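Notes follow the structure.
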Amino acid sequence: MSQDNMIKLECTVCKTTTHHSHKNKKTLKERLELSKYCNVCRKNTPHKENK
Ligand SMILES: [Zn+2]
1 MSQDNMIKLE CTVCKTTTHH SHKNKKTLKE RLELSKYCNV CRKNTPHKEN K
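Just so you know, the UniProt record's numbering puts the end of the sequence shown at 51, numbered straight through with nothing missing.
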């Protein structure tokens, strides 16, 4: 497993990195944006990929 595929998911509201994830080569080109639960905001917020 390569570390290159590791990504961080940052909450777009409070800018905290709350999740870590892996990316496969298929999705590597696109910027990931997901709705995830943020522990700081204590609700689901949009999360952006941040390396
Ligand atoms: Zn947040």
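Note that CB positions come from ideal geometry on N, CA and C, so glycine has one too. Keep in mind that this is a model prediction, so the values were computed, not measured.
C-alpha gap between residue i and residue j, whole angstroms
| i | j | result |
| --- | --- | --- |
| Glu49 | Arg42 | 19 angstroms |
| Lys36 | Asn24 | 19 angstroms |
Heavy atom of ligand 1 within 7 angstroms of residue i beta-carbon
| i | result |
| --- | --- |
| Thr16 | yes |
Close Cβ partners of residue i (< 6 angstroms) along its chain, the five nearest in sequence each way excluded
| i | result |
| --- | --- |
| Thr12 | Pro46 and Lys48 |
| Leu32 | Glu49 |
Start and end residues, beta strand (DSSP E) containing residue i
| i | result |
| --- | --- |
| Asn44 | Lys43 to Asn50 |
7 angstroms Cβ shell around residue i - same chain, five flanking residues per side excluded
| i | result |
| --- | --- |
| Met6 | His20 and His22 |
| Cys14 | Cys38, Val40 and Cys41 |
Close Cβ partners of residue i (< 8 angstroms) along its chain, the five nearest in sequence each way excluded
| i | result |
| --- | --- |
| Lys10 | Checking the displayed sequence, the identity of residue 10 turns out to be Glu instead of Lys. Same-chain partners within the cutoff: Thr16, Thr17, Thr18, His47, Lys48, Glu49 and Asn50. |
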